[in-house]
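Chemist:
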Amino acid sequence: MKIKAIALVSGGLDSTLATKVVMDQGVDVIAANFVSPFCRCDRGRSSLVGPRESRAESRDDKDIGHGKAGCRHEAKFVSEQLGIPLKIVNVTKDFLEVLKSPKHGYGSNINPCIDCRILMLKKARQLMDDLGAKFLITGEVLGQRPMSQRRDAMHIIEREAGVKGLVLRPLSARLLEPTIAETEGWVDREKLLNISGRGRKPQMKLAEDYNIKDYPCPAGGCLLTDPAFSRRIRDLIDHDELTMEDIQLLNHGRYFRLTDRVKLVVGKNQHENEKLEALTSAGDYLFYPAHDAAGASGLGRGDFSQGDTVRLAAGITARYFDAAKTSKNISVNVKHGDKIETITVEAFGDEETRKYLI
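Structure, rendered in structure tokens:
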């Protein structure tokens, strides 16, 4: 009976290579992908050809989540190319709690890398036990990432996740202490690798050997490492608004904080305008040009009952109407529920607008 292992597969090159290295030693590998709202990996496709050309076992839609974009899609593609089953685990709820106040702090932006890794490995351990697997596989490379892939950080992560000795990192294994998989003889340590640091040449060479022609999900696939996005997430945390409904707004335009209880997102193009209109929920305000004129749409969310917040939001949104180029007084449609009202406001200038921009 084959030894079974769980590989944490992001869809990126390193986790793909790590999985392939262990598969080539005859281990029965199951891919696991942990879904959160902050992955932006949808940048290419890998092409793996060679001895393993069979497709992954068929799965219905609920096994792979909803939609085909992002890390989930890349992980699905990789698992199919490798011919192994894929398990999707949505960790959004748990991850949002981690993000609010990570025990080990944030990286250079608002990325809680160590706490994130602890969460993922805890979930992977649960999956390992449920499926009768013996160990875990990751694509981590010693010294590649400054926060979570230092030797001391790896020890902390393993200890707090309850997976000490269970995590095999095939790309750096010969530089690390032997794991249970190695000492038990489930894998041959001499056939593992000794890659370290931030360079990519060894991985590129290995990819060439395996005939992996495109590298999906390049480094930097987490939105929480993006400075602009991080400022917006920090604003939500500071105002106790870190919900999936609010996070969904952050990638669809310019983001403004009007008051402690009101935010505004203004689209940059027609696609974003349509997306904001689709994301409008009960209680939201939608601002858009009157008389079918050209211009941006703005989605306002929060408590608009205080002061003149509706006119403030309308004035900022009007800044991005075509009419603002030739006129100061602009007609704006304000939709709230089933009611639509047309108001006239003075479009804000650049300097005024920047005061509210996050």
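Everything in the sequence shown is counted per UniProt numbering, starting at 1 for the first residue and increasing by one. Glycine residues also receive a C-beta, built at the ideal position from the N, C-alpha and C atoms.
#1: Can you name the residues that DSSP bridges to V332?
#2: With a 10 Å radius around its C-beta and 16 neighbouring C-beta atoms as the bar for buried, classify Q203 as buried or exposed.
#3: Excluding the five sequence neighbours on either side, which residues of its own chain have a C-beta within less than 7 angstroms of the C-beta of R174, listed in chain order?
#4: Short check: CB of A133 to CB of K4, under 8 angstroms?
#5: Which whole runs of the alpha helix (DSSP H) in the UniProt domain "Thil AANH" (92 to 171) are 4 residues long or more, in chain order?
#6: Looking only at C-alpha atoms, which of T342, G12 and R319 sits nearest to E351?
#7: Determine, using beta-carbon pairs with one atom in the region 114 to 129 and one in the region 146 to 166, whether at least three such pairs fall under 8 angstroms.
#8: For H252, which residues in the same chain have their Cβ closer than 8 angstroms to its Cβ, ignoring the five residues on either side in sequence?
#9: Would L206 pass as a contact of L168 if the rule is Cβ separation under 8 angstroms?
#10: Return the chain-ordered list of same chain residues with a C-beta closer than 8 angstroms to the C-beta of S54, the five sequence neighbours on each side being excluded.
#11: Got a sec, what are the start and stop residues for the beta strand (DSSP E) T317 sits in?
#12: Can you tell me the Cβ-Cβ gap for T344 and S331, rounded? I've got them flagged as a contact below 8 angstroms.
#13: According to the neighbour-count rule (16 or more other Cβ atoms, all chains shown, within 10 Å of its Cβ), is V49 buried or exposed?
#14: If I'm right that G349 touches D322 with Cβ under 8 angstroms, what's the distance once you round it to whole angstroms?
#15: Which residue spans inside the region 219 to 260 form an unbroken alpha helix (DSSP H) run of at least 4?
#16: Identify the residues that DSSP records as bridge partners of G267: which are they?
#17: Drop a sphere of 10 angstroms on the beta-carbon of P146, count the other beta-carbons inside from all chains shown, and report buried for 16 or more, exposed for fewer.
#18: From the DSSP output, read off the bridge partner residues of K87.
#19: Closest to T243 by CA distance: which of M23, G12, L8 and P37 is it?
#20: Taking all protein chains shown into account, do 16 or more other C-beta atoms lie within 10 angstroms of the C-beta of K87, making it buried, or fewer, making it exposed?
#21: Using 10 angstroms around the beta-carbon of A7, count the other beta-carbons present and answer buried if the total reaches 16, otherwise exposed.
#22: Given this structure, state the Cα-to-Cα distance separating T342 from K355, to the nearest angstrom.
#23: Would you mind stating whether W186 and V27 have Cβ atoms separated by less than 8 angstroms?
#24: Rounded to a whole number of angstroms, what is the C-alpha to C-alpha distance between D63 and L131?
#25: Would you decide whether Q306 is buried or exposed? Buried here means 16 or more other CB atoms lie within 10 Å of its CB.
#26: Return the chain-ordered list of same chain residues with a C-beta closer than 7 angstroms to the C-beta of V141, the five sequence neighbours on each side being excluded.
#27: Label N269 either buried or exposed according to how many other C-beta atoms from any shown protein chain fall within 10 Å of its C-beta, with 16 as the threshold for buried.
#28: Does DSSP put F38 in a helix, in a strand, or in coil?
#29: Would you check if the distance between the CB atom of H336 and the CB atom of Y288 is smaller than 8 angstroms?
#30: Cβ atoms of H291 and D260: under 8 angstroms apart, would you say?
#31: Let me check understanding here. Comparing Cα to Cα, which of S108, P85 and A347 lies closest to A324?
#32: Can you check whether the CB of N329 is closer than 8 angstroms to the CB of D226?
#33: Pop quiz: I157 and R198 are said to be a contact at Cβ under 8 angstroms. What is the actual Cβ separation, rounded to whole angstroms?
#34: Would you grab the beta carbon distance between A282 and G300 for me? Rounded to a whole angstrom, and I think it's under 8 angstroms.
#35: Please return the same chain residues whose Cβ sits closer than 8 angstroms to the Cβ of L176, not counting the five positions on each side in sequence.
Modeler: Considering the structure as presented:
#1: P289 and I343
#2: buried
#3: R189, L192, L193 and N194
#4: yes
#5: Whole alpha helix (DSSP H) segments, 4+ residues: 92 to 100, 113 to 131 and 151 to 161.
#6: Minimum Cα distance to E351 is reached at R319.
#7: Because the criterion of three Cβ pairs below 8 angstroms is met, the region 114 to 129 and the region 146 to 166 touch.
#8: Result list for H252: V265, G267, E272, K275, L276 and L279, in chain order.
#9: no
#10: Unreliable positioning characterises S54 in this predicted model, as indicated by a pLDDT of 34, which lies under 50. The coordinate reading is nonetheless provided below. Closer than 8 angstroms at Cβ, skipping near neighbours: G83.
#11: For T317, no beta strand (DSSP E) segment is defined; the enclosing uninterrupted segment is the alpha helix (DSSP H) at T309 to A318.
#12: 6 angstroms
#13: Its pLDDT being 38, under 50, V49 is placed unreliably by the model, and the measurement read from it follows with that caveat. Around the beta-carbon of V49, fewer than 16 other beta-carbon atoms lie within 10 Å, marking it exposed.
#14: In fact, because the Cβ distance is near 16 angstroms, the residues do not count as touching under 8 angstroms.
#15: 227 to 238 and 244 to 247
#16: Looking at the DSSP assignment, G267 forms no beta bridge with any residue, so it has no partner.
#17: exposed
#18: DSSP output for K87 lists A32 as bridge partner(s).
#19: P37
#20: buried
#21: buried
#22: 25 angstroms
#23: yes
#24: Below a pLDDT of 50, predicted positions are generally treated as unreliable, and D63, at 33, falls in that range; the measurement from the model is reported next regardless. Going from the Cα of D63 to the Cα of L131 covers about 15 angstroms.
#25: exposed
#26: D14, Q149, L171, S172, I195 and S196
#27: exposed
#28: coil
#29: no
#30: no
#31: A347
#32: Contact: no.
#33: Rounded to the nearest angstrom, the Cβ distance from I157 to R198 is 19 angstroms, too far for a contact under 8 angstroms.
#34: 13 angstroms between Cβ atoms; not a contact.
#35: L142, R151, M154 and R169
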